[in-house]
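Worksheet: the structure to be examined is printed underneath.
Shown next, in the form of structure tokens:
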């Protein structure tokens, strides 16, 4: 992607550059076709980052999603069907957020 | 052996004088996310970490304080703040961005006694 | 007893890394187990492969490597903290980058977690 500046791992450098169109382009690079179900999670992690300035680790993300969107959607099996590689990493990248710290 | 340890993080440093506040919080959240029973104490300059309305953008640092509000998601057990440290700095309970348990200095010993693991930031 | 050691200071910044390494030897000599040594904060600087102190000074990094090789120990360097400071692989012998998840496992398996440095 060359439309906006990114890190070497393909994460947006300025989250202000994010648009739904850019999300589609990144998703394509990740081999993901975005559906309503994807958008729900993408907006969730964006809201979470807006609120807390962090992308939570998988376990906590699942719990938080479960609380807000219903228990089934917080299950890691569900999240892995949407984002098959590493859900939190792929969702964060498509959502235009910084790369989650790998330290966990 | 008890698997889920009680862990206490003692935060006594100002939030932006070093990366230690940020990195201590990372460790506390990681231990808690993996089922350890984590509590936090804020004392000395550490109470500044949980002050409302922080904006370190002028010095080019990331505002770390919103993350503390995620403590319920991470199931942090207790957040203690030493009263003396607040008083010395003229900080009121309502100036803090999270609901904390205000403790007297002499309660600290009892809290320390309950811990398997203590970490200073 | 099973121990985990956390090292929070850079070598030569303070005596903490030296003391931690000596403590590790002492507990192993006494027949205790050492689950893991975890390097955090500026402690990650202990893992740099190219350290070359003057010959008549002690070699902190080598001392760690020797401890690890002799006892088949894991010297775990927190990857996020290391990446923030530009500490990257290849590291000195016996050290490797890993996540805070490894520390949480070590804490689970240990009777005592002792931290060195950070004052």
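Chains as they are written, first to last, in this note's numbering: chain C, 310 to 413; chain A, 2 to 122; chain F, 513 to 631. Glycine included, every Cβ here is placed at the ideal spot set by N, Cα and C. Treat the numbers as computed from the prediction; the structure is a model and nothing was measured.
Pairwise C-alpha distance: residue j and residue i
i	j	result
residue 344/C	residue 337/C	12 Å
residue 412/C	residue 25/A	Its pLDDT being 41, under 50, residue 412/C is placed unreliably in this model, and the coordinates cannot settle the point.
residue 380/C	residue 347/C	16 Å
residue 79/A	residue 112/A	10 Å
residue 316/C	residue 70/A	28 Å
residue 560/F	residue 599/F	7 Å
residue 90/A	residue 81/A	17 Å
residue 48/A	residue 526/F	26 Å
residue 366/C	residue 340/C	22 Å
residue 76/A	residue 329/C	33 Å
residue 319/C	residue 402/C	7 Å
residue 567/F	residue 576/F	17 Å
Pair within 7 Å by beta-carbon distance, residue i and residue j
i	j	result
residue 580/F	residue 543/F	no
residue 92/A	residue 16/A	no
residue 554/F	residue 529/F	no
residue 369/C	residue 382/C	no
residue 14/A	residue 122/A	yes
residue 556/F	residue 594/F	yes
residue 118/A	residue 38/A	no
residue 610/F	residue 626/F	no
residue 469/F	residue 520/F	The first residue shown for chain F is 513 and the last is 631, placing residue 469/F beyond what the model contains.
residue 572/F	residue 604/F	no
residue 535/F	residue 624/F	no
residue 84/A	residue 103/A	yes
Contacts that residue i makes with chain C (C-beta to C-beta distance below 8 Å)
i	result
residue 70/A	360 and 361
Listed by chain order, chain A residues near residue i by CB distance under 7 Å
i	result
residue 473/F	With chain F covering only 513 through 631, there is no way to say anything about residue 473/F.
residue 404/C	The premise fails here: residue 404/C is roughly 17 Å from chain A at the closest Cβ pair, so nothing lies under 7 Å.
residue 386/C	Near residue 386/C there are no residues of chain A at all, since even the closest Cβ is about 19 Å away, more than 7 Å.
residue 366/C	34
Opposing strand residues paired with residue i [DSSP bridges]
i	result
residue 548/F	516/F
residue 79/A	40/A
residue 7/A	38/A
residue 414/C	Because chain C here runs from 310 to 413, residue 414/C falls outside it and cannot be looked at.
Chain-ordered chain A contacts of residue i [CB-CB under 9 Å]
i	result
residue 410/C	27
Residues that residue i contacts on chain F, provided the C-beta gap is smaller than 8 Å
i	result
residue 131/A	The question about residue 131/A has no answer here: the residues shown for chain A are numbered 2 through 122.
Where residue i meets chain A, residues with beta-carbon distance less than 8 Å
i	result
residue 398/C	Near residue 398/C there are no residues of chain A at all, since even the closest Cβ is about 16 Å away, more than 8 Å.
residue 372/C	74
residue 613/F	31 and 35
Partners in chain C for residue i, counting only beta-carbon separations shorter than 9 Å
i	result
residue 64/A	362
Just to confirm the assignment: which complete alpha helix (DSSP H) runs, minimum length 4, are found wholly within the region 324-358 of chain C? 329-338
For the region 534-616 of chain F, which segments carrying the alpha helix (DSSP H) assignment without a break, of at least 4 residues, lie completely within its bounds, in sequence order? 572-583 and 591-597
Output the residue ranges of the alpha helix (DSSP H) runs that lie fully inside the region 45-78 of chain A and measure 4 residues or longer, sorted by chain position. none
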